[in-house]
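A.B. asks: Following the numbering used here, the numbering of the sequence shown begins with 357 at its first residue and continues without gaps.
We put the beta carbon where it would ideally sit given N, CA and C, even for glycine.
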Amino acid sequence: MNLKEFAASELAGIQEKGLYKDERVLTSPQQAHIETRKSRFLNFCANNYLGLANHPELLAAGKEALDRYGFGMASVRFICGTAEIHKQLEERVARFLGYEDVILYSSCFDANTGLFETLLDEQDAIISDRLNHASIIDGTRLCKAMRFRFRHGNMEHLETQLKRADKYRFRMIATDGVFSMDGDVARLKEICDLAERYDALVMVDDSHATGFFGPTGRGSVEHHDVIHRVTLVTSTFGKALGGSSGGFTAGPREIIGLLRQRSRPYLFSNSLSPVVAAVTLKAIDLIEENPALVEKLRQNTAYFRREIESAGLSVRPGEHPIVPVMLGDARLAHETADRLLENGIYVVGFSFPVVPEGEARIRIQVSAAHEKEDLDLLVRSLKNLGHTARTG
Ligand SMILES: *Cc1c(COP(=O)(O)O)cnc(C)c1O
357 MNLKEFAASE LAGIQEKGLY KDERVLTSPQ QAHIETRKSR FLNFCANNYL GLANHPELLA
417 AGKEALDRYG FGMASVRFIC GTAEIHKQLE ERVARFLGYE DVILYSSCFD ANTGLFETLL
477 DEQDAIISDR LNHASIIDGT RLCKAMRFRF RHGNMEHLET QLKRADKYRF RMIATDGVFS
537 MDGDVARLKE ICDLAERYDA LVMVDDSHAT GFFGPTGRGS VEHHDVIHRV TLVTSTFGKA
597 LGGSSGGFTA GPREIIGLLR QRSRPYLFSN SLSPVVAAVT LKAIDLIEEN PALVEKLRQN
657 TAYFRREIES AGLSVRPGEH PIVPVMLGDA RLAHETADRL LENGIYVVGF SFPVVPEGEA
717 RIRIQVSAAH EKEDLDLLVR SLKNLGHTAR TG
């Protein structure tokens, strides 16, 4: 069997197991109501938490930036790829989050893969939540530090692992701020307490929180009031902050300074387009100037969670706009998603092995771009389907 035949047989296996991922082609911009060539959908599965992906003020900022800065830098940062707007964005993100300094990457995936191996080596230890994002897992794999994993959100197990990591020089706890399958928030207060007791550092990937979660949208670190106790925050511009691309690491000046010298995705991968930098800057301005934006998402989330619970459906409790509606059975979850799609509502069904067996669900992501009637329509549709599922 040659490689081409091997690939074909792997693909067939993926199809057989029902794990094949199809891509739906949109013909409209990313927004609450989206279009494909055949239909229109009310969209509940984008990370467009604040509805900024197609916001008129961001579009205007992008057009202006295109004229002013051009399209691309055609270089990496340290050779010929640093524009004024990159420095402005780094300062702006640092000020927004309350950190000393910020380094930009092409994605949060790059931020995470460029973090651990630059700062830690075989004398050190990383203690990582078992459900952390793939980019943290890959980042820690590239690093020579000893890896310890703790059971998801389990503070006793984290403490056990911290004790085992005792003999290492630096100990870094790594966690997502918000976990994407359940929408649950890391127990950052307790994590920081343990970190202080065992002299460890804390790194939080706040991709599902930056810009919209916490009282003023500073993320899970603000939600838990631990901004000054979390040493490093990584996050993305590809979700709430306009949703295109780019990521960053925020932290103390010296650590960010060292990343600029040695972090491989920063040194060897092209600069963020100045257009993306300018639009992201505008997104942060909008969020700061219009607290109503974060507030609308909060109200939409609270309203939707309340309505869905009073409709008798089971949701994972919480405050995050990721709302998993638990259906248990894998077939039921996928059928529900299919039926909603037939009704013009786009949600995704998740089942084993993406989530634990018997915990199949549909995942709904609420956005500030949704109106009350959008949320009502989804609740009504789910209620009707739920009824068919129970009686049918
Ligand atoms: C989405 C996500 C990423 C990837 O961000 P990109 O900027 O798209 O690479 C990384 N970490 C977490 C926790 C995420 O949710």
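Please state whether DSSP places P680 in a helix, a strand or coil.
C.D. replies: By one-based count along the sequence shown, residue 680 stands at place 324. P680: strand per DSSP, three-state reduction.
A.B. asks: Classify I529: buried if its beta carbon has 16 or more other beta carbons within 10 angstroms, exposed otherwise.
C.D. replies: Within the sequence shown, the letter at position 173 stands for residue 529. Burial call: buried.
A.B. asks: Excluding five sequence neighbours on each side, which residues of the same chain lie with their C-beta closer than 6 Å to the C-beta of A596?
C.D. replies: In the sequence shown, residue 596 corresponds to position 240, counting from 1. Once the five neighbours on either side are set aside, the close Cβ partners of A596 are Y405, L406, G567, F568.
A.B. asks: With a threshold of 6 Å on Cβ separation, who are the neighbours of H743 within its own chain once the five nearest residues in sequence on each side are excluded?
C.D. replies: Looking up residue 743 in the sequence shown gives position 387. Unreliable placement is indicated for H743, whose pLDDT of 49 sits below 50; the coordinate value is still reported in the next sentence. None.
A.B. asks: Please name the residue or residues paired with D561 in a DSSP beta bridge.
C.D. replies: Reading the sequence shown from its first residue, position 205 is the one you call residue 561. D532, T590, per the DSSP bridge assignment.
A.B. asks: What are the uninterrupted segments assigned as alpha helix (DSSP H) that are 4 or more residues long and contained completely in the stretch 413-472, given in chain order?
C.D. replies: 440-453, 464-469
A.B. asks: Hey, would you say E675 sits closer than 9 Å to T657, going by beta carbons?
C.D. replies: On the sequence shown, position 319 is the one that residue 675 refers to. On the sequence shown, position 301 is the one that residue 657 refers to. Result yes, Cβ atoms of E675 and T657 sit closer than 9 Å.
A.B. asks: Should the stretch 480-487 be called in touch with the stretch 462-470, which here means at least 3 C-beta pairs below 8 Å?
C.D. replies: Segments in contact, no.
A.B. asks: Once DSSP output is grouped into helix, strand and coil, what is the label at L382?
C.D. replies: The count along the sequence shown starts at 1 and reaches residue 382 at position 26. Three-state result, L382: strand.
A.B. asks: Select from K728, L697, D685, R503 the residue whose C-alpha is nearest the C-alpha of P709.
C.D. replies: Position 353 of the sequence shown, counted from the first residue, corresponds to residue 709. Cα-wise, what sits closest to P709 is D685.
A.B. asks: Closest to I441 by C-alpha separation, out of A417, L453, S463, would be which residue?
C.D. replies: As a working note, residue 441 is residue 85 in the sequence shown. Comparing Cα positions, the closest option is A417.
A.B. asks: Looking at L628: is its Cβ nearer than 9 Å to the Cβ of H580?
C.D. replies: What you label residue 628 is simply residue 272 of the sequence shown in a count that begins at 1. What you label residue 580 is simply residue 224 of the sequence shown in a count that begins at 1. Contact: no.
A.B. asks: With respect to 8 Å, is the separation between the Cβ of I326 and the closest non-hydrogen atom of ligand 1 below this value?
C.D. replies: For the chain, the structure presents residues 357 to 748; residue 326 sits outside this window and is missing.
A.B. asks: What would DSSP say about E391, mapped onto helix, strand or coil?
C.D. replies: The count along the sequence shown starts at 1 and reaches residue 391 at position 35. Looking at E391 - three-state DSSP - the assignment turns out to be strand.
A.B. asks: Considering only the alpha carbon of each residue, which of V711, R424, V735, E715 lies closest to L487?
C.D. replies: Taking the first residue of the sequence shown as position 1, residue 487 is located at position 131. Of the candidates V711, R424, V735, E715, the one whose C-alpha sits nearest the C-alpha of L487 is V711.
A.B. asks: Figure out for me which residue from E727, R525, R505 has the closest Cα to the Cα of T516.
C.D. replies: Numbered from 1 along the sequence shown, position 160 holds the residue referred to as residue 516. The candidate whose alpha carbon is nearest that of T516 is R505.
A.B. asks: Checking the sheet assignment: what are the DSSP bridge partners for V398?
C.D. replies: For the purposes of this step, residue 398 is identified with residue 42 of the sequence shown, where counting begins at 1. At residue 398 the sequence reads Leu, which differs from the Val that was named. Per DSSP, H389, I701.
A.B. asks: Write down the C-beta distance between V381 and N626 rounded to the nearest angstrom, noting that I regard them as a contact closer than 8 Å.
C.D. replies: As a position in the sequence shown, residue 381 is number 25, starting the count at 1. As a position in the sequence shown, residue 626 is number 270, starting the count at 1. Their Cβ separation, rounded to whole angstroms, is 27 Å, which puts V381 and N626 out of contact at 8 Å.
A.B. asks: Give every residue of the same chain whose Cβ lies closer than 8 Å to the Cβ of C401, excluding the five residues on either side of it in the sequence, and list them in chain order.
C.D. replies: Reading the sequence shown from its first residue, position 45 is the one you call residue 401. Taken in chain order, the residues that qualify are Y702, V703, V704, R719, I720, Q721.
A.B. asks: Quick check on K728: buried or exposed, where buried means 16 or more other Cβ atoms within 10 Å of its Cβ?
C.D. replies: If you number the sequence shown from 1, residue 728 lands on position 372. Per the 10 Å Cβ criterion, exposed.
A.B. asks: Is it buried or exposed for P647, if we count other Cβ within 10 angstroms and need 16 for buried?
C.D. replies: Taking the sequence shown and counting its residues from 1, one reaches residue 647 at position 291. Looking at its Cβ environment, which holds fewer than 16 other Cβ atoms inside 10 Å, P647 is exposed.
A.B. asks: How would you label D423, buried or exposed, when you count the other beta carbons within 10 angstroms and need 16 or more for buried?
C.D. replies: For the purposes of this step, residue 423 is identified with residue 67 of the sequence shown, where counting begins at 1. It is exposed - the Cβ of D423 has fewer than 16 other Cβ atoms within 10 Å.
A.B. asks: Measure the beta-carbon distance from I459 to F604 and round it to whole angstroms, keeping in mind my assumption that it falls under 8 Å.
C.D. replies: On the sequence shown, residue 459 is found 103 positions in, with the first residue counted as 1. On the sequence shown, residue 604 is found 248 positions in, with the first residue counted as 1. Yes, they are in contact, since the Cβ atoms of I459 and F604 sit about 6 Å apart, within 8 Å.
A.B. asks: Please list, in chain order, all residues of the same chain as H726 whose beta carbon is under 7 Å from its beta carbon, the five residues on each side excluded.
C.D. replies: Indexing the sequence shown from 1 puts residue 726 at position 370. Cβ within range, chain order: A388, N656.
A.B. asks: Could you name the residues of the same chain whose beta carbon sits closer than 6 Å to that of M429, not counting the 5 residues immediately before and after it, in chain order?
C.D. replies: As a working note, residue 429 is residue 73 in the sequence shown. Closer than 6 Å at the Cβ level, and outside the excluded window around M429, lie G437, S627.
A.B. asks: Contact check, T572 vs V650 under 8 Å by CB: the rounded distance?
C.D. replies: As a working note, residue 572 is residue 216 in the sequence shown. As a working note, residue 650 is residue 294 in the sequence shown. That belief holds up - the Cβ atoms of T572 and V650 are roughly 7 Å apart, short of 8 Å.
A.B. asks: For V812, I'd like the list of residues in its chain whose CB is within less than 7 Å of its CB, leaving aside the five on either flank, ordered along the chain.
C.D. replies: What the structure shows of the chain is the stretch from 357 to 748, and residue 812 is not part of that stretch, so it cannot be assessed.
A.B. asks: In three-state terms, what does DSSP make of Q479?
C.D. replies: Taking the first residue of the sequence shown as position 1, residue 479 is located at position 123. Of the three classes helix, strand and coil, the one that applies to Q479 here is coil, per DSSP.
A.B. asks: Give the secondary structure of A556 by DSSP, where H, G and I count as helix, E and B as strand, and everything else as coil.
C.D. replies: Residue 556 sits at position 200 when you count from the first residue of the sequence shown. Residue state, collapsed to three classes: coil.
A.B. asks: Throw me the rounded Cβ distance for the T636 and L415 pair, which I believe falls under 8 Å.
C.D. replies: Counting from one through the sequence shown, the residue named residue 636 turns up at place 280. Counting from one through the sequence shown, the residue named residue 415 turns up at place 59. In fact, because the Cβ distance is near 13 Å, the residues do not count as touching under 8 Å.
A.B. asks: Looking only at C-alpha atoms, which of A716, I370, L697, A724 sits nearest to K394?
C.D. replies: Here residue 394 corresponds to residue number 38 of the sequence shown, with the count starting at 1. Nearest option by C-alpha distance: L697.
A.B. asks: Could you please give the first and the last residue of the uninterrupted beta strand (DSSP E) stretch that includes G369?
C.D. replies: For the purposes of this step, residue 369 is taken as the residue at position 13 of the sequence shown. Premise fails: G369 lies in the alpha helix (DSSP H), 359-372, not in any beta strand (DSSP E).
A.B. asks: Report yes if the C-beta of N740 is less than 8 Å from at least one heavy atom of ligand 1; otherwise report no.
C.D. replies: For the purposes of this step, residue 740 is taken as the residue at position 384 of the sequence shown. Checking the Cβ of N740 against ligand 1 gives no.
A.B. asks: Along the chain, where does the beta strand (DSSP E) that runs through T605 open and close?
C.D. replies: Residue 605 sits at position 249 when you count from the first residue of the sequence shown. It spans 603-607 - the beta strand (DSSP E) in which T605 sits, taken as one unbroken run.
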